[in-house]
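First comes the structure, then the notes that go with it.
2 protein chains.
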Amino acid sequence: MDPAAVKAAFIALQDRVVTALERIDGHTFQRDAWQRAEGGGGETRVLEEGGVLERAGVNFSHVQGARLPASASASRPHIAGRAFEAMGVSLVLHPRSPYCPTVHMNVRFFVATAAGEAPVFWFGGGMDLTPYYGFEEDCVHFHRTCRDALAPFGAERHVRYKQWCDEYFHLRHRGEPRGVGGIFFDDLDEPDFDGSFALARSVGEHFLPAYVPILERRRSLPYGERERDFQAYRRGRYVEFNLVWDRGTLFGLQSGGRTESILVSMPPTVRWRYDWHPEPGSAEARLYDEFLRPRDWV
Amino acid sequence: MDPAAVKAAFIALQDRVVTALERIDGHTFQRDAWQRAEGGGGETRVLEEGGVLERAGVNFSHVQGARLPASASASRPHIAGRAFEAMGVSLVLHPRSPYCPTVHMNVRFFVATAAGEAPVFWFGGGMDLTPYYGFEEDCVHFHRTCRDALAPFGAERHVRYKQWCDEYFHLRHRGEPRGVGGIFFDDLDEPDFDGSFALARSVGEHFLPAYVPILERRRSLPYGERERDFQAYRRGRYVEFNLVWDRGTLFGLQSGGRTESILVSMPPTVRWRYDWHPEPGSAEARLYDEFLRPRDWV
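Taken in order, these protein sequences are the chains called A and B.
Going by numbering that gives the first Met the number 0, the first sequence wraps up at 297, each residue one higher than the last.
Going by numbering that gives the first Met the number 0, the second sequence wraps up at 297, each residue one higher than the last.
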């Protein structure tokens with residue numbers, strides 16, 4: 000097990016993603032290094048009011064703690080209360096164009112240690128896509144790239160992680176998925192450190208190929224106030240999911256994480272409207288009818 | 000104990016508040032009656048894009064359940080699992096003008112019953128003010144009216160409920176109060192049903208006198224894009240509080256409440272911006288420096 004190698008890979012991933020996005024956007028990300036009183040810190044890289052990205056955050060963090068939080072040891076009672084370190088890359092991109100979907104990607108690594116005991120580690124992560132106006136070919140491309148990321152790790156892997164994603168990114172209070180899904184995994188420690196690290200790395204490396212072609216294809220489509228308004232309305236669902244259901248966001252906010260880095264996932268402009276429903280047959284209704292349903296996109 | 004009398008008083012309060020707001024706003028609230036599969040229902044009254052109110056919701060609900068939720072019996076283990084009924088009026092007003100504060104008011108009544116046992120009841124509620132640009136005289140007026148609402152129920156009552164409000168409406172992840180507070184109470188059953196019902200009724204009846212003069216005083220002040228922008232930014236804090244910390248909102252969303260009625264508290268337009276701070280000495284900085292601090296406003 001080699002946490003330093005994971006850290007180096009995660010930092011390299013953050014850098015690669017930011018560099019690629021800066022090339023596409025034409026603007027430079029702001030860089031904010033921060034430290035945490037309890038141990039560790041991170042670097043938040045943010046772009047607001049860019050050429051393509053209205054708001055984008057690409058976080059790296061590496062924190063240590065004296066006691067593993069209950070939320071992290073729930074499925075592993077034998078390591079409750081151990082010291083731990085956690086590191087990860089987490090990003091959310093909110094493009095300005097309503098034709099470009101919002102996207103989220105995360106890879107993370109935990110190690111729990113205790114004197115005289117073997118360390119326990121696991122990886123988690125995934126990526127998922129949240130369109131405002133859906134395009135079949137974009138969804139198929141995203142999901143196929145997710146499948147490719149997992150292909151070297153067993154044929155059933157993608158099926159499981161795709162379903163896990165559909166289950167996780169679900170707004171239970173709306174009975175509605177957050178978007179069209181992707182892949183999600185957690186508690187990964189098999190077959191061994193090298194194998195699970197390779198899988199997490201592969202997920203990270205497939206993010207740009209999964210998303211950039213979609214951004215390039217849709218960024219120049221003309222749109223108007225109607226589409227921006229629908230985007231702002233639908234972004235409300237993103238806020239609701241992240242603040243009500245997302246375990247990572249809630250754990251961060253409730254445990255003294257760096258608020259501005261965590262909430263860089265919030266969309267830039269959001270609207271709520273009472274009991275609104277799109278007109279049947281409209282482009283907006285298509286999102287609900289054809290995209291916000293668990294489907295086999297591959 | 001007379002739940003029917005509470006229900007009648009709550010419905011009359013909803014009606015009185017809506018009628019007064021319609022007179023001020025010049026627009027009519029939409030009326031939405033709804034039923035709940037598990038028992039009970041409610042009426043949501045909503046105004047969007049009004050003359051003064053950009054978004055306003057005044058809810059009445061009365062629901063029954065077979066088992067008291069854990070969150071409601073936590074401080075009363077002896078009634079865990081009892082059947083219950085809950086009723087309340089809850090309102091949030093988001094005026095369009097950044098010079099008019101957002102306001103929240105709630106009164107609620109619970110009864111828990113079990114065969115062969117005396118029913119257990121309690122009241123809760125309160126009101127609190129969330130300015131974007133603060134005015135001392137508004138805060139003083141609001142808090143004095145809260146004090147007047149509680150004055151017949153003992154001199155120490157206002158001190159306690161004012162502090163409870165400061166503690167409750169606090170964004171722990173920001174170390175920041177939601178606004179300038181007001182009053183908050185829960186678990187009220189003393190001295191008896193009549194006494195606690197009278198207190199809850201008094202809080203409800205003091206809502207219009209507490210808030211309407213502020214709305215009238217500020218509604219015509221001219222403002223521009225800068226003030227609207229700051230309002231949208233600060234409204235993000237309202238969203239964060241309600242979705243991350245507010246027990247009523249979370250309980251409702253997680254237990255199958257009517258989502259659109261619960262989330263009528265969300266502001267109409269909201270913005271998030273990374274690590275933003277107002278310029279020292281600006282009108283926006285004054286909000287943080289002079290108003291977002293627990294103070295003795297009376």
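We put the beta carbon where it would ideally sit given N, CA and C, even for glycine.
- Considering only His142(A), Arg171(A), His172(A) and Thr112(A), the residue with the shortest C-alpha distance to Gln162(A) is His142(A).
- Taken in chain order, the complete alpha helix (DSSP H) segments of 4 residues or longer contained in the stretch 44–114 of chain B are 69–72.
- Chain-ordered, the chain A residues with CB closer than 7 Å to the CB of Arg173(B) read Thr258.
- Counting C-beta pairs with one atom in each stretch, the stretch 146–155 of chain A and the stretch 97–117 of chain A have fewer than three that are closer than 8 Å, which means they do not touch.
- Closer than 8 Å at the C-beta level to chain B, one finds no residue of the stretch 82–93 of chain A.
- Counted as a single uninterrupted DSSP element, the beta strand (DSSP E) harbouring Trp33(A) occupies residues Gln29 to Gln34.
- Using a Cβ-Cβ cut-off of 9 Å, Thr268(A) counts as an interface residue toward chain B, since at least one Cβ of chain B sits closer than that to its own.
- Here Glu42(A) has Ala32 and Phe59 as same chain residues with Cβ atoms under 6 Å from its own Cβ, once five neighbours each way along the sequence are excluded.
- Taking 3 residues as the minimum length, the beta strand (DSSP E) runs contained wholly in the stretch 180–225 of chain B are 180–187, in order along the chain.
- As the crow flies, the alpha-carbon of Asp245(B) is around 15 Å from that of Leu128(B).
- If the five residues before and after Gly251(A) are omitted, its C-beta is found closer than 6 Å to the C-beta atoms of Ile261, all from its own chain and listed in chain order.
- Closer than 9 Å to the CB of Glu47(A) there is at least one CB belonging to chain B.
- Taking all protein chains shown into account, Pro208(A) has fewer than 16 neighbouring C-beta atoms within 10 Å of its C-beta and is therefore exposed.
- DSSP, read as helix, strand or coil, puts Glu175(A) in strand.
- Secondary-structure assignment with DSSP links Met126(B) through a beta bridge to Met104(B) and Ile182(B).
- Assigned with DSSP and collapsed to three states, Trp163(A) falls in helix.
- Per DSSP, the continuous beta strand (DSSP E) segment holding Arg270(A) begins and ends at Thr268 to Arg270.
- Within 9 Å of the CB of Trp163(A), no CB atom of chain B is found; the nearest one sits about 21 Å away.
- Proximity of Arg35(A) to chain B, defined by a Cβ-Cβ separation below 9 Å, is not satisfied.
- When the five nearest sequence neighbours on each side are left out, the beta carbons in the same chain lying within less than 7 Å of the beta carbon of Val269(A) are those of Ala231, Arg234, Gly235 and Val238, in order along the chain.
- With 16 or more neighbouring CB atoms inside 10 Å of its own CB, Arg200(A) falls in the buried class.
- A distance below 9 Å separates the beta carbons of Gly25(A) and Gly49(A).
- Between Arg217(A) and the set Glu259(A), Pro100(A) and Asp147(A), the nearest pair of CA atoms involves Pro100(A).
- Residue-level contact check: Leu149(B) does not touch chain A, since none of the beta carbons of chain A fall below 9 Å from its beta carbon.
- For the stretch 268–290 of chain A, the set of residues with a beta-carbon nearer than 7 Å to any beta-carbon of chain B comprises Thr268, Val269, Arg270, Trp271, Arg272, Tyr273 and Asp274, in chain order.
- As a beta-bridge residue in DSSP terms, Val119(B) pairs with Ala111(B).
- Scanning the stretch 235–276 of chain B for uninterrupted alpha helix (DSSP H) segments of 4 residues or longer gives 246–253 and 258–261, listed from N- to C-terminal end.
- Scanning Glu289(B), Leu187(B) and Asp228(B) for the CA closest to the CA of Ser74(B) turns up Leu187(B).
- Within the same chain, Cβ atoms closer than 6 Å to the Cβ of Glu283(B) are found at Phe229 and Pro277, the five residues on either side in sequence being excluded.
- His169(B) carries a strand assignment under DSSP once its states are collapsed to helix, strand and coil.
- Within chain A, the residues Leu242 have their CB atoms less than 7 Å from the CB of Glu239(B), given in chain order.
- Taking the Cα positions, Val16(B) is about 19 Å away from Phe196(B).
- Here the C-alpha atom of Pro293(A) lies approximately 22 Å from the C-alpha atom of His205(A).
- Around Glu215(A), the same chain offers Ile23 as residues with beta carbons nearer than 8 Å, after the five sequence neighbours per side are excluded.
- The Cβ-Cβ distance between Gln63(A) and Glu47(A) does not fall below 9 Å.
- Flagged as an interface residue toward chain A: Ala231(B), by a C-beta distance shorter than 9 Å.
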